[in-house]
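Number of protein chains: 2
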Amino acid sequence: MTSTRMAVRRRAHSGAVTLKDVAERAGVAPITVSRALNAPDSVSAALRAQVEEAVSALGYVRNQYAGALASAASRIIPVIVPSLSNAVFIEVIQGIQQVLEEAGYQPLLGNTQYDLDRESKLVATLLGWSPAGLIVAGMRHAERTRTLLRGYGRPLVEIMELGARPIDMNVGLSHVRAGETMGQHLVERGYRQIGFIGGRLKQDYRAAQRYRGLDQALAAAGLARRPPFEHDQKSSAQVGGNALMATLEAAPELDALFFANDDLAVGALLRAQREGIVVPARVAIAGFNGLEISALTTPPLTTIVSPRQQIGEIAARKLLGRIQGHASGPARIDVGFRLEVRAST
Amino acid sequence: MTSTRMAVRRRAHSGAVTLKDVAERAGVAPITVSRALNAPDSVSAALRAQVEEAVSALGYVRNQYAGALASAASRIIPVIVPSLSNAVFIEVIQGIQQVLEEAGYQPLLGNTQYDLDRESKLVATLLGWSPAGLIVAGMRHAERTRTLLRGYGRPLVEIMELGARPIDMNVGLSHVRAGETMGQHLVERGYRQIGFIGGRLKQDYRAAQRYRGLDQALAAAGLARRPPFEHDQKSSAQVGGNALMATLEAAPELDALFFANDDLAVGALLRAQREGIVVPARVAIAGFNGLEISALTTPPLTTIVSPRQQIGEIAARKLLGRIQGHASGPARIDVGFRLEVRAST
DNA sequence: CTGAAAGCGCTTACAG
DNA sequence: CTGAAAGCGCTTACAG
Numbered sequence: 001m002t003s004t005r006m007a008v009r010r011r012a013h014s015g016a017v018t019l020k021d022v023a024e025r026a027g028v029a030p031i032t033v034s035r036a037l038n039a040p041d042s043v044s045a046a047l048r049a050q051v052e053e054a055v056s057a058l059g060y061v062r063n064q065y066a067g068a069l070a071s072a073a074s075r076i077i078p079v080i081v082p083s084l085s086n087a088v089f090i091e092v093i094q095g096i097q098q099v100l101e102e103a104g105y106q107p108l109l110g111n112t113q114y115d116l117d118r119e120s121k122l123v124a125t126l127l128g129w130s131p132a133g134l135i136v137a138g139m140r141h142a143e144r145t146r147t148l149l150r151g152y153g154r155p156l157v158e159i160m161e162l163g164a165r166p167i168d169m170n171v172g173l174s175h176v177r178a179g180e181t182m183g184q185h186l187v188e189r190g191y192r193q194i195g196f197i198g199g200r201l202k203q204d205y206r207a208a209q210r211y212r213g214l215d216q217a218l219a220a221a222g223l224a225r226r227p228p229f230e231h232d233q234k235s236s237a238q239v240g241g242n243a244l245m246a247t248l249e250a251a252p253e254l255d256a257l258f259f260a261n262d263d264l265a266v267g268a269l270l271r272a273q274r275e276g277i278v279v280p281a282r283v284a285i286a287g288f289n290g291l292e293i294s295a296l297t298t299p300p301l302t303t304i305v306s307p308r309q310q311i312g313e314i315a316a317r318k319l320l321g322r323i324q325g326h327a328s329g330p331a332r333i334d335v336g337f338r339l340e341v342r343a344s345t
Numbered sequence: 001m002t003s004t005r006m007a008v009r010r011r012a013h014s015g016a017v018t019l020k021d022v023a024e025r026a027g028v029a030p031i032t033v034s035r036a037l038n039a040p041d042s043v044s045a046a047l048r049a050q051v052e053e054a055v056s057a058l059g060y061v062r063n064q065y066a067g068a069l070a071s072a073a074s075r076i077i078p079v080i081v082p083s084l085s086n087a088v089f090i091e092v093i094q095g096i097q098q099v100l101e102e103a104g105y106q107p108l109l110g111n112t113q114y115d116l117d118r119e120s121k122l123v124a125t126l127l128g129w130s131p132a133g134l135i136v137a138g139m140r141h142a143e144r145t146r147t148l149l150r151g152y153g154r155p156l157v158e159i160m161e162l163g164a165r166p167i168d169m170n171v172g173l174s175h176v177r178a179g180e181t182m183g184q185h186l187v188e189r190g191y192r193q194i195g196f197i198g199g200r201l202k203q204d205y206r207a208a209q210r211y212r213g214l215d216q217a218l219a220a221a222g223l224a225r226r227p228p229f230e231h232d233q234k235s236s237a238q239v240g241g242n243a244l245m246a247t248l249e250a251a252p253e254l255d256a257l258f259f260a261n262d263d264l265a266v267g268a269l270l271r272a273q274r275e276g277i278v279v280p281a282r283v284a285i286a287g288f289n290g291l292e293i294s295a296l297t298t299p300p301l302t303t304i305v306s307p308r309q310q311i312g313e314i315a316a317r318k319l320l321g322r323i324q325g326h327a328s329g330p331a332r333i334d335v336g337f338r339l340e341v342r343a344s345t
């Protein structure tokens, strides 16, 4: 007794409504549905209407994987940042998101946690999404990351800082010059014992660049140079307040403090107030970023304003420009910064 | 004269290294490479080594689209929030990201900008990624969104607030009770003319719920009830300061103000200080969220601490639990809140 | 303007 | 443990 068996091959099949279902209902070929959806003008009004009816009747949702696989093009743009707990990157991401979304692209967030090995793995994974382009914070990468990105060959923007050798495009500002500018300001104001406070400067190397700029300014003015007063915690107002107290105890001769960022500096300012330390009479305090709250403290904080959201917007626009094939200006854009002198110095 | 033409069909082809390339180099079938990568134990050590060599020699990166299409399973988890300019959602996202990433899932960020129509479109688009599950902030949705989500049938967590009828799972806290708790606190402290300040309460309906809770507490205490003092701007410290001044001018009889969130309340506190308005002697100030900085102002701010990052973590864990098929406790989790009484009231 | 065929790069379901 | 075949749901490249 032989039994005839039909080879019934079953596949995962999501059970979702497909193009084919829509096509059947509309009485057209699947490709026509595809056209009606992707290039409505290339289809007659009558068919377009039938397709639209079928799409909404069936609740059709395009399968992004099938589309991207078939066309070898995706609207994914990975955005790789070192941290999400820093307001700065959030604002950059906001700028990016706004621009990308309008153009129908999806940002895919990657968080390296200031770890270049993690970055490398992230990049490898994210390239599997055949992204139309990428945005990466920072210009320091593992060699392997660099190789991957170069080999990938699609548009890439490195953001936040400026570098001599971008892999492709570059949008940011010079943190060394920002630090130098603040240093010159403090010197001009007459401060003579100037210190820098920051955390994890090996990882947050842009903060280290600001320190370097400050140091150059101090050297140029013939003033005492000091290593940074470094702590080992994530920046926060609380940490800034503690750092202020610790530093003034360790080096009471200081008459001005440049904090690595406004989170720290605002915290220092609030702490000074609680402790009765008069700013700037006892010690001047300065920050970096230009967070909104820095203008509202008593005294308001002298800081350097960086155009964070704008960095995101410009980077996204440059990327889209290249993706869509039209030239988009120079490969390297210095967005600059602005020294905001307020009463804390 | 007839010419024979080979039908040379060309396709987009990304030019990237594929499984097939790896298989050829390793001298095995593509499916073996797939196995060596996805289930290493199912392949002999020798072949595994050959495959690994080929993968790294060629720099192979898995094509996520092909994989997801073939297996009808993706490791994408859309996370839909109403805003990115609010620190609260950032912290929630951080919690989610941490948990998802460890498990090898990718969050895909959607921003509704407090617009339920946008939300609906976003959900439709994001479902095209065949997500393994979804996380959505809020329990108010357009009917169409609800239909899409119900129809999709995969695990879903609605977060931030608690509702009687979650579509699937629910992780959050009761904003009405939070408002009520603050109201009772202010009443107990002896304040008698208590106002609520917030913006865009139609959209930010969770803030409106806190107002409602406050109003209930005032009613229960037999105190004067007032409509909220509403402005039309995004919450920020600057806006909070302005709202303080405007409200005290409009209603000088007020002796306590409950702000919709800490961004506003901290701004009000800083502004009061600059203007010489003594808190809480002239007017008490309270907030909601428990942002770090609220503890550092002078006076420090009385507020309600919500476990933001925890909401994200719990939501992500519950989702993964369901995705991976093991039960994961109750469908509804009240993460609670904590009244933090400080010197501003 | 419309369609039949082939293919994108994987994984599933069988088979041995 | 390993592999040949089929299929996931789209779009490209032709053809008419």
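In order, the protein sequences belong to chains A and B.
In terms of UniProt numbering, the first sequence has 128 at position 128, counting the first letter as 1, and numbering is strictly consecutive.
In terms of UniProt numbering, the second sequence has 66 at position 66, counting the first letter as 1, and numbering is strictly consecutive.
Even for Gly, the Cβ is constructed at its ideal location relative to N, Cα and C.
Residue contact check for threonine 298/A against chain B: a CB pair falls below 7 Å. Residue nearest to glycine 179/A within the set Ala316/A, Leu148/A and Leu218/A is Leu218/A (criterion: CA-CA distance).
Straight-line measurement puts the Cα of valine 88/B at about 43 Å from the Cα of leucine 223/A. The segment 19–56 of chain B is shown to contain whole alpha helix (DSSP H) runs of 4 or more residues at 19–26 and 30–38, in chain order. Residues of chain A whose Cβ lies closer than 8 Å to the Cβ of asparagine 63/B are, in chain order, Leu69, Gly128 and Ser130.
Between the alpha carbons of glutamate 119/B and aspartate 168/B lies a distance of about 18 Å.
Taking every protein chain shown into account, the CB of serine 44/B has fewer than 16 other CB atoms within 10 angstroms, so this residue is exposed. Listed along the chain, the chain B residues whose CB falls inside 8 Å of the CB of leucine 84/A are Ile90, Ile93, Gln94 and Gln97. With its beta carbon at least 7 Å from every one in chain B, alanine 256/A lies outside the interface. Residues of the segment 256–272 of chain B with a Cβ closer than 8 Å to any Cβ of chain A, in chain order: Val266, Gly267, Leu270 and Arg271. Contact between valine 17/A and tyrosine 60/A holds, with the beta-carbon distance rounding to 5 Å and staying under 8 Å. Contact of serine 236/A with chain B is assigned, a C-beta pair being separated by under 7 Å. Distances from the CA of tyrosine 191/B to each of Ala284/B, Ala36/B and Leu58/B were compared; the closest alpha carbon is that of Ala284/B. Taking the C-beta atoms as reference points, valine 157/B is found nearer than 7 Å to alanine 315/B. Between the segment 201–219 of chain B and the segment 241–256 of chain B, the count of C-beta pairs closer than 8 Å stays below three; the two stretches do not touch.
Cβ atoms of asparagine 261/A and phenylalanine 229/A stay farther apart than 8 Å, at about 14 Å. Annotated three-state conformation of asparagine 261/A is coil, per DSSP. Residue pairing by DSSP leaves asparagine 242/B without any beta bridge partner. Per DSSP, leucine 69/A lies in no beta strand (DSSP E); the unbroken alpha helix (DSSP H) holding it starts and ends at 64–71. When secondary structure is reduced to three states using DSSP, arginine 118/B falls in the helix class.
Between valine 171/A and lysine 318/A the beta-carbon gap is near 7 Å, inside 8 Å, which marks them as a contact. Membership of valine 176/B in any beta strand (DSSP E) is not indicated; the residue belongs instead to the alpha helix (DSSP H) covering 175–188. Going by DSSP, threonine 298/B is part of no beta strand (DSSP E) at all; its letter is neither H nor E. Here threonine 112/A is not near proline 78/A, since their CB atoms are 7 Å or more apart. Listed in chain order, the non-local C-beta contacts of histidine 141/A below 7 Å within the same chain comprise Leu116 and Glu119, local neighbours out to five positions each way being set aside.
The closest CA to that of methionine 182/A, considering only Leu69/A, Thr125/A and Gln209/A, is found on Gln209/A. In this structure, valine 335/A sits away from isoleucine 304/A, with a CB-CB distance that is not shorter than 7 Å.
Assignment of aspartate 215/A by DSSP, reduced to helix, strand and coil, places it in the helix class. Interface with chain B (7 Å Cβ-Cβ cutoff): glutamate 292/A is included. Contact with chain A is found for arginine 274/B, since one of that chain's Cβ atoms lies less than 7 Å from the residue's Cβ. Alanine 54/A and valine 22/A have their C-alpha atoms roughly 6 Å apart. Secondary structure at glycine 198/B: strand, using DSSP grouped into helix, strand and coil. Glycine 195/A is not a Cβ neighbour of arginine 225/A, given a cutoff of 7 Å.
When the beta-carbon positions are compared, serine 344/A and threonine 302/A come within less than 7 Å of each other. In this structure, DSSP gives isoleucine 333/B an extended state, which the three-state scheme calls strand.
Using a Cβ-Cβ cut-off of 9 Å, leucine 37/A is close to nothing in chain B; its nearest Cβ partner there is about 12 Å away.
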